[in-house]
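So the structure is just underneath, and the comments pick up after that.
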Amino acid sequence: MDAIVVDGLRKRYGDVQALDGATFTVPEGEIFGLLGPNGAGKSTAVRVLVTLTQPDAGAATVAGHDAIREGGAVRRAIGYVPQESGVDRRATGRENLQLQGRVYGMKRSDLRRRIDELLEIVGLSDAAERTVDGYSGGMRRRLDIALGLVHRPRVLFLDEPTTGLDPEARVSMWEEVGRLAAQESLTILLTTHYLEEADELADRLAIVSRGKVVAEGTPNELKSRLSGDAVHVELADGRVEDARRILEHVEAPVETTLADGRTLISRVPDGGQALPTILAALSTEGIPVASVSVNRPRLDDVYLHYTGRDFATEDRGA
Amino acid sequence: MKTLRDTWYMIGRQARNLLREPIWIVILLVQPMVWLLLYGQLFKNVTRLGGFGTTSYITFLAPAIVVMNAFFSASWSGMSMVFDIERKFVERFLATPASRLSLVLSQIVRSALTAAIQGVIILIVAAALGVRVHAGLAGWIVILLVAVLVNAAFAGFSQGIALLVRRESTVIALANFITLPLLFLSSTLLAQAQMPHWMRVLSDFNPVNWGVRASRGVVLPGTDWGAVGAHLGYLFALSVVTAAFANWTFRVYKRSL
């Protein structure tokens, strides 16, 4: 059965078309990633699925319930870990978990056991009686995740689970999420703008750009759809058009020019073989090269391929 | 049922946070004490003007200070809603089965209960200064009920504004805008008989004055229970109206998400 079905969601905020017909499906038990730069519409999609936001058009089903018409049933079935956590900072970790469990109508004794269990799982047992004010960023994020799991949901939404964490905390959070998915037999939908995170965590992912899903598949499938290597050539001067013509000539057609205005990216069957030819041709024409690199397909190449835009530039721009 | 239970849980959270920083309770009592102890002494001869129903200005003033305090604290009670919205506390609970109404009601009830507790303390200090509540225990209950209703009526309004504008500065500006006019258009500090005619007419429509008249009515001898009951009734009706307003603005806020 499918845990999440999203069909043609549209949502507009003023001048911004946050969702523009987003469509994807998440089977039960999967960790599914929505990958895209800041402002791509990932969080809006999640907010529609957790019933916070009403879409302008389209349909969404979560855990077998219509997310637009059966909000109450959806809310009981899901856990939501928002981007900005919303914990009560003046309360302790345990008190936050208690309040969360109570609004789900959990029995006192069951709730106490569940809280102890979750505190153990996320490694906050020792900090449980301290107020959240004194928690580190990583601890706060682990508490957020525990809050989303108190009532044993079937589907968990993680909106940017590691944004703002240092690299070490991020890696330990990845381990945490992977372990939880297995232990609690959860379906997880997570959004991220970290390519490594999507690569590392998601069984399958959808690449989101400007409110649309532009590609969907396992990280390996998406990468293998791009044959060959990407050759990045950074020119020492701005003769981009000349260089482009030369590269076309040596059968290294230029896929795009990066936003810095002097880096060209070509996709070739074998980067190692093509590189000397490319450099020789540029040097013959007297175009100086500042740097070159050959890259195996990565998710940012996938993004570039499907949107024609550079991921890092888009992420900064939004 | 679910609404009442969730409201109770949310109030529990706020009460706990308040008790965790008890310094707040002291800070919140400084202002009414200044009015009672300093202002009350400064103007103690004002009763010679007549029409106060007593020669003791502090007896005249104390029940009104309970009302004024309830009104002042209510006028900025929306701040904690703005804070909870900014901190995304409200959003987190909107994605749970928590009753929507409880998120608004708990703010109003918390505010009103705080006013009642402060009211008790103000009355105890007043009693120590020799103020006698003529109607006895029933009088104390009426005064605290007035404090709860005046506070709830204005807290509902403040919550509603907070949900519409979602900015601390606007909530404070509005509080400043309404508090002094409504204070001076009431008989809180001066007998109704000493007010200019036009102010006396306006004060009949001032909910703060409804509260002052009801609470003062049970402190001074010759309580007119019909008038006390009527003023309590007006305040209750107004509380229902502003709570409904707050609930409606909560829906507006939700639609904006």
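Chains as they are written, first to last, in my numbering: chain A, 1 to 318; chain B, 319 to 575.
C-beta: ideal position from N, C-alpha, C; glycine also.
C-beta neighbour in chain A for residue i, strict 8 Å
i         : result
B:Leu-575 : yes
B:Asp-522 : no
B:Lys-261 : Residue coverage of chain B in this structure runs from 319 to 575, which leaves residue 261 of chain B outside it and unanswerable.
B:Phe-568 : no
B:Arg-418 : no
B:Arg-334 : yes
B:Asp-324 : yes
B:Glu-409 : yes
B:Leu-412 : yes
B:Tyr-327 : yes
B:Val-464 : no
Neighbourhood of residue i by C-beta, 7 Å cutoff - its chain only, sequence neighbours within 5 removed
i         : result
B:Val-422 : Gln-477, Ala-564, Asn-565, Phe-568
B:Leu-492 : Ile-479
A:Asn-96  : Val-87, Asp-88, Val-132, Leu-143, Leu-147
A:Arg-170 : Thr-162
A:Gly-238 : Gly-261, Arg-262
A:Thr-51  : Ala-67, Gly-71, Val-74, Arg-75
A:Phe-24  : Val-6, Ala-206, Val-213, Glu-216
B:Glu-486 : Met-397, Val-400
B:Leu-447 : Ile-376
A:Thr-53  : Lys-11, Thr-44, Arg-47
Pairwise C-alpha distance: residue j and residue i
i         : j         : result
A:Gly-36  : A:Thr-191 : 8 Å
B:Phe-370 : B:Gly-535 : 11 Å
A:Pro-269 : A:Gly-228 : 4 Å
B:Gln-436 : B:Trp-528 : 19 Å
A:Ala-312 : A:Val-155 : 30 Å
A:Asp-315 : A:Thr-44  : 16 Å
B:Arg-581 : B:Arg-366 : This structure leaves residue 581 of chain B out entirely; chain B is present only between 319 and 575.
B:Asp-522 : A:Arg-12  : 48 Å
B:Leu-508 : A:Val-16  : 56 Å
A:Asn-38  : A:Glu-197 : 15 Å
B:Leu-354 : A:Leu-118 : 51 Å
A:Ser-209 : A:Ala-40  : 5 Å
B:Ala-434 : B:Ala-444 : 15 Å
A:Gln-100 : A:Val-150 : 7 Å
B:Ala-384 : B:Leu-553 : A quick correction: the sequence has Val, not Ala, at residue 384 of chain B. Between B:Val-384 and B:Leu-553, the C-alpha separation is close to 15 Å.
B:Arg-331 : A:Gln-98  : 10 Å
B:Ala-382 : B:Trp-543 : 17 Å
Cβ distance (whole Å) where residue i is taken to contact residue j below 8 Å
i         : j         : result
B:Leu-467 : B:Leu-550 : 7 Å
A:Phe-157 : A:Val-46  : 5 Å
A:Glu-30  : A:Asp-310 : No, A:Glu-30 and A:Asp-310 are not in contact; Cβ-Cβ is about 29 Å, not under 8 Å.
A:Arg-90  : A:Glu-129 : Actually they do not touch by this definition, with Cβ atoms about 14 Å apart.
B:Val-526 : B:Phe-389 : 5 Å
B:Ser-557 : B:Ala-471 : 4 Å
A:Arg-114 : A:Leu-195 : Wrong, their Cβ atoms sit about 35 Å apart, outside the cutoff.
A:Val-250 : A:Ala-290 : Not really, about 19 Å apart at Cβ, beyond 8 Å.
A:Ile-278 : A:Leu-247 : 6 Å
B:Ile-461 : B:Ser-533 : 4 Å
Cutoff 6 Å; reference residue i; Cβ partners in own chain excluding five residues on either side
i         : result
B:Ala-473 : Ala-392, Ser-395, Ile-426, Ser-429
B:Thr-325 : Ser-420, Leu-423, Ser-424
A:Thr-61  : Val-5
B:Thr-377 : Val-449
Proximity test, Cβ basis, 8 Å: residue i and chain B
i         : result
A:Ser-85  : yes
A:Thr-163 : no
A:Ala-318 : Annotation note: pLDDT 46 at A:Ala-318 (below 50); position unreliable, no value reported.
A:Arg-75  : yes
A:Ala-3   : no
A:Asp-15  : no
A:Asp-88  : yes
A:Tyr-303 : no
A:Leu-118 : no
A:Glu-196 : no
Reference residue i, options the options, closest by Cα
i         : options                                    : result
B:Thr-506 : B:Ala-456, B:Leu-379, B:Ala-532, B:Lys-572 : B:Leu-379
A:Ser-224 : A:Gly-134, A:Leu-111, A:Asp-300            : A:Asp-300
B:Leu-498 : B:Gly-368, B:Asn-524, B:Ser-417, B:Val-443 : B:Asn-524
A:Asp-166 : A:Gly-105, A:Met-139, A:Phe-24, A:Leu-158  : A:Met-139
B:Arg-531 : B:Ala-511, B:Trp-516, B:His-515            : B:Ala-511
A:Ala-59  : A:Leu-9, A:Thr-92, A:Gln-98                : A:Leu-9
A:Ala-22  : A:Leu-235, A:Asp-199, A:Lys-42             : A:Lys-42
A:Arg-102 : B:Lys-320, B:Tyr-571, B:Ile-383            : B:Lys-320
A:Gly-308 : A:Arg-267, A:Ser-136, A:Thr-277, A:Ala-280 : A:Arg-267
A:Ser-283 : A:His-305, A:Asp-242, A:Arg-298, A:Arg-112 : A:Asp-242
A:Gln-273 : A:Ala-63, A:Val-294, A:Pro-288, A:Asp-116  : A:Val-294
Contact test: residue i Cβ vs the ligand MG heavy atom, cutoff 7 Å
i         : result
B:Ile-459 : Ligands displayed in this structure: none; no statement on the ligand MG is therefore possible.
Cut-off 8 Å between Cβ atoms - residues of its own chain near residue i, not counting five sequence neighbours on either side
i         : result
A:Ala-318 : For A:Ala-318, the predicted model reports a pLDDT of 46, less than 50, meaning its position is unreliable and no value from the coordinates is stated.
A:Val-302 : Ile-207, Ala-215, Leu-222, Lys-223, Arg-225, Leu-226
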